[in-house]
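These notes are about the structure you will find just below.
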Amino acid sequence: MSRPAAHRSALDDLDFSDRRYIADRLLRWTALQLRKATRPGAVAALAHLTEPAHQAKMVFVVGGARCGTVALQNGLSSSEEVFVLGEANLFWENLRSRFRARYNAKHRSFGYAPSKLNDCPAVAPDRAAWTETLSALLERYRFVGDKMAFGGYKEGRWPSEFLRFHRHYFHGAAYVLAFRNPHDAILSPRSSWGIGNLVPWARSYIAAQRVLIRLRVHFPRTVPVFLETVGPETVRAIEQCLGCTLPGFAAVVGNRQASAREPGQVPSELRETVDALQTLYPALREAVTNFRSPEQLPALEAIDAKLAQLYQGLDSLHYSIDARMARLRSKTTTAFRMARDAARNALATAPGPIKKLGRFFGKVFRGDWAGVRASLQSRFVRLCRWMYNRVPASPQTRARLAELAFRIAGPLFEG
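When you read off a place in the sequence shown, starting at 1, and then add 705, the result is the number in this note's numbering.
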């Protein structure tokens, strides 16, 4: 929706996230130019996808984490004509090769069994980028797309990256916008996954609402869905937007009533922010639902300004020393877990001696010292036997050497 320059809105700013990543953006841009120069097939597939006729066949589910995006993806994918990927993060792929293997491995690492929601079929060559894969999927399905849920990972950066990418390439696609009340959405990571620090999730929730507002204002085909009020009219609106029927949608997606609010549920440091967001939520729902023309922009602009203020109010919590150390510990734990899983996968196909060596170092990293002692003891005994049989000495001398070895090394394996 374009407007005269005199009527420019604050919502025209799609780059509202953290601007401290200029160097990384430059590196990503350089990598993209190199891939464009060396992968003409991926570039041609991107041009194919962005043609208006093909954009009309793209559908994206967008929202904050724990706001019903999975349910909406499931509802859309219940149709045999629709294939929606699960958080493929196309805007972040940068034309990298081997998209399918990377996408499927990510979901397997989460423990998900292969299904239409999290498994990409082999429709393109193994080295294909996401553009070639989606082009191939379009030959099998009437609609294809992705589900994007903004969570506590890169919450200060991905919202703007997502908007810029989709404004440039998929402005004509259909967007299903997932909304949920802030109290339930922000607290859900703690009840579902046991996450203690909810500040990144509060920030990501606010950033997601700002993304959804801009999608509603700037993109022509959007359907807002509020998780608490999903009903037959929701299904009709999505069907009208796509131009097809979704007979299985209602059976998969149902409304989810807001939970009762109990004192002490919200962490003390977030109580004021969550209360302000909860107060703002009805106005947000009304403004988003009723938006039809630029004359209705002031209401959304006022809500966006309040969201920006609340987001900035969390800076002191997010950038404190304690918060930074907590994120560093979390990243270290995640990196260790990923390295461990990668090592296990590599050892599964390694030769026998390599497997044994890997198991030994696994015991060391886990601090399983009893297991380490047992492994060393068995190896030491085998070494002593080998040396005993090969030492060029009399039996009496070999017996004395064996006794000496036991006196020296025996205590190492006690207890």
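All residues carry an ideal CB built from backbone N, CA and C; glycine is no exception.
First through last residue of the alpha helix (DSSP H) which encompasses R855: The residue given as residue 855 occupies position 150 in the sequence shown. Just to set this straight, residue 855 is Phe in the shown sequence, not Arg. Residue range 848 to 855 is occupied by the beta strand (DSSP E) that includes F855, with no alpha helix (DSSP H) assigned at that position.
What would DSSP say about A883, mapped onto helix, strand or coil? Position 178 of the sequence shown, counted from the first residue, corresponds to residue 883. The answer is strand: DSSP assigns A883 an E or B state.
Nearest to W863 by CA position, among E938, A1044, L719, D980, is which residue? Taking the first residue of the sequence shown as 1, we reach residue 863 at position 158. Considering only alpha carbons, the answer is L719.
In the structure shown, what three-state DSSP assignment does F924 receive? As a first step, residue 924 must be located in the sequence shown, where it is residue number 219. The three-state secondary structure of F924, taken from DSSP, is coil.
Which ranges would you report for the alpha helix (DSSP H) in the segment 1000 to 1078 if only whole runs of at least 4 residues count? The qualifying runs are 1002 to 1018, 1020 to 1023, 1026 to 1053, 1057 to 1071.
Assign I727 to one of two classes, buried (16 or more other C-beta atoms within 10 Å of its C-beta) or exposed (fewer than that). Translated into positions along the sequence shown, residue 727 becomes position 22. Counting C-beta atoms within 10 angstroms of its own C-beta, I727 has fewer than 16 neighbours from the protein chains shown and is therefore classed as exposed.
By the 10 Å Cβ neighbour count, where 16 or more other Cβ atoms means buried, how is N779 classified, buried or exposed? Against the sequence shown, residue 779 aligns to sequence position 74. Buried, since its Cβ has 16 or more Cβ neighbours within 10 Å.
Sequence-distant residues of its chain with Cβ nearer than 7 Å to R744 (five each side left out): If you number the sequence shown from 1, residue 744 lands on position 39. Within its own chain, the residues whose Cβ lies closer than 7 Å to the Cβ of R744, once the five positions on either side in sequence are excluded, are L800, A834, listed in chain order.
What are the boundary residues of the alpha helix (DSSP H) that includes V979? To locate residue 979, count along the sequence shown from 1; it is residue 274. Where V979 is concerned, the enclosing alpha helix (DSSP H) stretches over 976 to 995.
Is it the case that the segment 898 to 911 contacts the segment 933 to 950, given that we only count it when at least three CB pairs across the two stretches are under 8 Å? Output reads no: the segment 898 to 911 does not touch the segment 933 to 950.
Test item: CB-CB of A890 and Y910 under 8 Å: Within the sequence shown, residue 890 is the residue found at index 185, counting from 1. Within the sequence shown, residue 910 is the residue found at index 205, counting from 1. Yes, Cβ-Cβ distance for A890 and Y910 is below 8 Å.
Taking only runs of the alpha helix (DSSP H) that begin and end inside the segment 719 to 762, which ones reach a length of at least 4 residues, in chain order? Correct list: 727 to 743, 745 to 754, 757 to 760.
Distance, T1039 Cα to R1105 Cα: On the sequence shown, residue 1105 is found 400 positions in, with the first residue counted as 1. On the sequence shown, residue 1039 is found 334 positions in, with the first residue counted as 1. Taken atom to atom, the span from the alpha-carbon of R1105 to that of T1039 is near 52 Å.
Ordered along the chain, which non-local residues of its own chain (more than five positions away) have a Cβ less than 8 Å from that of A710? Stepping through the sequence shown from its first residue, residue 710 is reached at position 5. Any reading at A710 is ruled out, since the residue's pLDDT is 45, under 50, leaving its predicted position unreliable.
Which stretch, first to last residue, makes up the alpha helix (DSSP H) that contains G780? Within the sequence shown, numbered from 1, the residue matching residue 780 stands at position 75. Membership of G780 in the alpha helix (DSSP H) is indicated by the continuous run 774 to 782.
So what does F788 bridge to, in DSSP terms? Counted from its first residue, the sequence shown places residue 788 at position 83. Bridge partners of F788: V849.
Per DSSP, what kind of secondary structure is F875 in: helix, strand or coil? Translated into the one-based positions of the sequence shown, residue 875 becomes position 170. Three-state result, F875: coil.
Backbone CA spacing between V922 and F884 [nearest angstrom]: For the purposes of this step, residue 922 is taken as the residue at position 217 of the sequence shown. For the purposes of this step, residue 884 is taken as the residue at position 179 of the sequence shown. Rounded to the nearest angstrom, the gap between the Cα atoms of V922 and F884 is 15 Å.
Within 10 Å of its beta-carbon, does G1120 have 16 or more other beta-carbons around it, so buried, or fewer, so exposed? Position 415 of the sequence shown, counting from 1, holds the residue named residue 1120. Model confidence at G1120 stands at a pLDDT of 38, short of 50, so the residue's coordinates are unreliable; what they give is reported in the following sentence. G1120 is exposed by the Cβ-count criterion.
Within the same chain, show all residues whose beta-carbon is closer than 7 Å to that of T927, passing over the 5 residues directly before and after it, in chain order. For the purposes of this step, residue 927 is identified with residue 222 of the sequence shown, where counting begins at 1. Within the same chain, Cβ atoms closer than 7 Å to the Cβ of T927 are found at Y880, L882, L920, R921, the five residues on either side in sequence being excluded.
Looking at the structure shown, is F931 part of a helix, part of a strand, or coil, going by DSSP? Within the sequence shown, numbered from 1, the residue matching residue 931 stands at position 226. Strand, per DSSP.
Does the separation of the CB atoms of R807 and R832 fall below 8 Å? Looking up residue 807 in the sequence shown gives position 102. Looking up residue 832 in the sequence shown gives position 127. The Cβ-Cβ distance between R807 and R832 does not fall below 8 Å.
Own chain, CB closer than 6 Å to K741, minus 5 neighbours either side, in chain order: As a first step, residue 741 is located in the sequence shown; it is residue number 36 there, counting from the start. Here the set comprises V748.
Taking only three categories from DSSP, how would you classify M706? Your numbering for residue 706 matches position 1 in the sequence shown. Note on M706: pLDDT 48, under 50, position unreliable in the model; no value is reported.
Note down the Cα distance separating Q1101 from R1084, rounded to an integer number of angstroms. Within the sequence shown, the letter at position 396 stands for residue 1101. Within the sequence shown, the letter at position 379 stands for residue 1084. Taking the straight line from one Cα to the other gives about 24 Å.
Closest by CA to R805, which one among L781, G816, E837? In the sequence shown, residue 805 corresponds to position 100, counting from 1. Closest option to R805, Cα to Cα, is E837.
Where does V767 fall in DSSP's three states? What you label residue 767 is simply residue 62 of the sequence shown in a count that begins at 1. Strand, per DSSP.
Compare the beta carbon distance of V904 and H1023 with 8 Å and say whether it is the shorter of the two. Along the sequence shown, read from residue 1 onward, the residue named residue 904 stands at position 199. Along the sequence shown, read from residue 1 onward, the residue named residue 1023 stands at position 318. With respect to the 8 Å criterion, V904 and H1023 are classified as neighbours on the basis of their beta carbons.
Should A854 and A942 be called a contact, given that it needs their Cβ atoms to be closer than 8 Å? Against the sequence shown, residue 854 aligns to sequence position 149. Against the sequence shown, residue 942 aligns to sequence position 237. Cβ distance not < 8 Å, so A854 and A942 don't count as in contact.
Does the distance from the C-beta atom of L1062 to that of V930 stay below 8 Å? On the sequence shown, residue 1062 is found 357 positions in, with the first residue counted as 1. On the sequence shown, residue 930 is found 225 positions in, with the first residue counted as 1. V930 is positioned such that its CB atom lies no closer than 8 Å to that of L1062.
In the DSSP assignment, the alpha helix (DSSP H) including V940 goes from what residue to what residue? Taking the first residue of the sequence shown as 1, we reach residue 940 at position 235. Counted as a single uninterrupted DSSP element, the alpha helix (DSSP H) harbouring V940 occupies residues 937 to 947.
Are the beta-carbon atoms of A963 and E933 separated by less than 8 Å? Within the sequence shown, numbered from 1, the residue matching residue 963 stands at position 258. Within the sequence shown, numbered from 1, the residue matching residue 933 stands at position 228. It is a contact, given that the beta carbons lie within the stated cut-off.
Quick one: residues in its chain with C-beta nearer than 8 Å to the C-beta of Y817, no 5 flanking neighbours on either side, listed in chain order? The residue given as residue 817 occupies position 112 in the sequence shown. These residues qualify, in order along the chain: N823.
What three-state label does DSSP hand Q914 in the structure shown? Here residue 914 refers to the residue found at position 209 of the sequence shown. Reduced to three states, the DSSP call for Q914 is helix.
Please list, in chain order, all residues of the same chain as D717 whose beta carbon is under 7 Å from its beta carbon, the five residues on each side excluded. Here residue 717 is taken as the residue at index 12 of the sequence shown, counted from 1. For D717, where only same-chain residues beyond five positions count, there are no Cβ hits under 7 Å.
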